[in-house]
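Asks:
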Amino acid sequence: MNYNSGIVKKRIFITGSNGALGLNTVKFYSDIENVELLCTSKSATDIYPDVQFIKCDITNRDLVKKTVLDFCPDYVINTAAFTNVDLCESKKETAWKTNVKAVEYLAEACRAIDARLIHISTDYIFDGKNGPYSENDKSNPLSYYGRTKLASENALKISGINYTILRTNVLYGAAEKGKSDFVYWVINSLREGKEIRIVTDQFNNPTFVDDLVSGINKVIEFNKDGVFNIGGREFLTRFKFTKMIADYFNLNKNLIKPILTEELNQPAPRPLKSGLITLKAETQLGFRPHSIIESFEKISAGMI
Ligand SMILES: NC(=O)c1ccc[n+]([C@@H]2O[C@H](COP(=O)([O-])OP(=O)(O)OC[C@H]3O[C@@H](n4cnc5c(N)ncnc54)[C@H](OP(=O)(O)O)[C@@H]3O)[C@@H](O)[C@H]2O)c1
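The following block contains the structure:
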C-alpha cells in the first residue's frame, strides 16, 4: 500500500480487463478513490482513457513477473481466461497455458510481493449431476475447460500465497462496450423477430456481473482466503430465464423454442443440474445478490 500523503491507497492489478467481467471490474474501481489501478489484457485497447493500461499476455512468465513486480499491487484480480468452452476441446494447449500456467505465473509474482490473488473459477468444475453445489462438494469436470479451471484452483491451493477463489456461473449484464452477453443477445434477437432455441435442461443461478464485482470487492474489504461461490439468488432453467427476459422487456415469447442440450451437439459437454449455493459468501462476506428482476431494472436503466 502507498502511505504517501497520509492516505492509504490500495494498489489493484486487474487482468483480462477487455473481458466481460474485467471491463466491469475496471469500471467499478476506476470510480473509487484511494485505489491505484493498473489494468491489463492480451489485446491493446483505448477504452479506459483515465486508467493505466498495459498490454500483457499472461502466458508470458517473464512479462507477468515484470509487470506485477513493477506495479507492486496489494491485490491481483485475475479475470483473464480462455473462456470459449467448446474451443477449449480443440485448443487444449492454449486453454492449459491461459487457464492454468498463467495462474501459476501470477501466483509466483504475487508470492514475491505478498499480494493477494483473487481468481475467478466456475461451476463447470462439477459434473452437473447433483447441483446446486456448495464450496466443499466433490468436483468432476466434464469438459476440458472445466478441467483447466479446476487445475487452476489446485495450483493456487498449493501455491503458499494469499488467494481467494470466486466460483461463478452464467455471467450476465456485462454487454457494455460491445461485449457479448446472453441477456442482450436474447433482447436483440427477439426485437429483430428471430427465433431462438434455448435449452430446457440446464439449471443454474445466473450471476449479474455487478454482483460478482461486489463479491470481489467484499473479498478485498474482508481480506478473506479460500473458495467462495458467487451466484444469483434464483435457481432456474435457461429456458425459464429467457422467458423472464422476454416478459420483463416486453418481447415476443413465442420466438423462444425449447431444445435439449444434447440436440445442440456441442463439442464440450455441459453440466446440466448445476448452480452454486452462495450461503458461505452471504454469511462470511455479506454478499447480497440482486434478484433477477432487480438486475433487469439496472440493465434497462443502463440502456437509456
Ligand atoms: N462468462 C461466464 O458465464 C462465466 C461463468 C463462470 C466463470 N467464468 C469465469 O469468469 C472469468 C471472466 O470471464 P469473462 O466472461 O469476463 O471472460 P471473457 O469475456 O472471455 O474475457 C476474458 C478476457 O481474458 C483475456 N485473455 C485471454 N487470454 C489472455 C492472455 N493469454 N493474456 C491476457 N489476457 C488474456 C481476453 O483478453 P483480450 O480481449 O484482450 O484478448 C479476454 O478479454 C473467467 O475466469 C471465466 O472462466 C465466466
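Number 144 in this note's numbering belongs to position 143 of the sequence shown; there are no gaps in the numbering.
For every residue, glycine included, the Cβ atom is placed at its ideal position computed from N, Cα and C.
Consider the C-beta atom of G161 and the heavy atoms of ligand 1; say whether any pair is separated by less than 7 Å.
Replies: Not so, every heavy atom of ligand 1 lies at least 7 Å from the Cβ.
Asks: Between R192 and L172, what straight-line distance do the alpha-carbon atoms span, to the nearest angstrom?
Replies: Roughly 22 Å separates the two Cα atoms.
Asks: According to DSSP, is F209 helix, strand or coil?
Replies: Here F209 sits in strand by DSSP.
Asks: Counting Cβ pairs closer than 8 Å, one from the stretch 89–103 and one from the stretch 29–41, do we hit at least three?
Replies: At 8 Å Cβ cutoff, the stretches do not touch.
Asks: Among the residues of its own chain, which have a CB less than 6 Å from the CB of S153, if the five just before and after it don't count?
Replies: The residues are N100, V101, V104.
Asks: State whether the stretch 68–79 contacts the stretch 108–115, with contact taken as three or more CB pairs (one from each stretch) at a distance under 8 Å.
Replies: Contact between the stretch 68–79 and the stretch 108–115 is present, because at least three Cβ pairs lie under 8 Å.
Asks: Between the Cα of Y146 and the Cα atoms of G132, N131, F127, which residue gives the shortest distance?
Replies: Cα-wise, what sits closest to Y146 is F127.
Asks: For ligand 1, I want to know if G23 counts as a neighbour, meaning its beta carbon is within less than 7 Å of at least one of the ligand's heavy atoms.
Replies: Indeed, a heavy atom of ligand 1 lies less than 7 Å from the Cβ.
Asks: Can you tell me whether V171 sits near ligand 1, meaning its C-beta is under 7 Å from at least one heavy atom of the ligand?
Replies: Yes.
Asks: Count the other CB atoms within 10 Å of the CB of D51; is the residue buried (16 or more) or exposed (fewer)?
Replies: Label assigned to D51: exposed.
Asks: By alpha-carbon positions, which one of L273, G20, F14 ends up nearest to D182?
Replies: Here the closest residue by C-alpha is G20.
Asks: Taking the C-alpha atoms as reference points, what is the distance between N206 and E235?
Replies: N206 and E235: Cα-Cα distance of roughly 5 Å.
Asks: Are there 16 or more other CB atoms within 10 angstroms of the CB of R117, so buried, or fewer, so exposed?
Replies: Its Cβ being crowded by 16 or more others within 10 Å, R117 is buried.
Asks: Closest to A282 by C-alpha separation, out of F83, L273, G232, S190, would be which residue?
Replies: It is G232.
Asks: Would you say the beta carbon of A81 comes nearer than 7 Å to a heavy atom of ligand 1?
Replies: A81 Cβ: within cutoff of ligand 1.
Asks: For the alpha helix (DSSP H) containing K93, list its first residue and its last residue.
Replies: That run of the alpha helix (DSSP H) goes 93–97.
Asks: Work out the CA separation of T243 and V65 for me, nearest whole Å.
Replies: So the two alpha carbons sit approximately 40 Å from each other.
Asks: Could you check whether D211 and G174 sit closer than 8 Å to each other, using their CB atoms as the reference points?
Replies: Yes, Cβ-Cβ distance for G174 and D211 is below 8 Å.
Asks: First and last residue of the beta strand (DSSP E) that includes Y76?
Replies: Looking at the DSSP string, the run of the beta strand (DSSP E) that includes Y76 is 76–79.
Asks: Indicate, with yes or no, if ligand 1 has a heavy atom lying under 7 Å from the CB of C111.
Replies: Answer for C111: no, Cβ out of range of ligand 1.
Asks: Would you kindly report the start and end of the unbroken alpha helix (DSSP H) that includes E283?
Replies: Residues 280–286.
Asks: What are the boundary residues of the beta strand (DSSP E) that includes Y164?
Replies: From DSSP, the beta strand (DSSP E) with Y164 extends over 164–169.
Asks: Can you tell me which residues form a DSSP beta bridge with S292?
Replies: In DSSP, S292 forms no bridge with anything.
Asks: In angstroms, rounded to a whole number, what distance separates the CA positions of N199 and N131?
Replies: Reading off the sequence shown, one finds Ile at residue 199, where the question assumed Asn. If I take the Cα positions, the gap works out to 21 Å.
Asks: In this structure, does DSSP put G320 in helix, strand or coil?
Replies: Residue 320 falls outside the range modelled here, since the chain spans only 2 to 305, and no answer is possible.
Asks: Taking a contact to mean a Cβ-Cβ separation below 8 Å, would you say I197 touches K258 in this structure?
Replies: Result yes, Cβ atoms of I197 and K258 sit closer than 8 Å.
Asks: Just verifying my parser: in three-state terms, what is the DSSP assignment at S122?
Replies: Strand.
Asks: Measure the CB-CB distance between K150 and Y134 and report whether it falls below 8 Å.
Replies: No, these two residues do not count as a Cβ contact at 8 Å.
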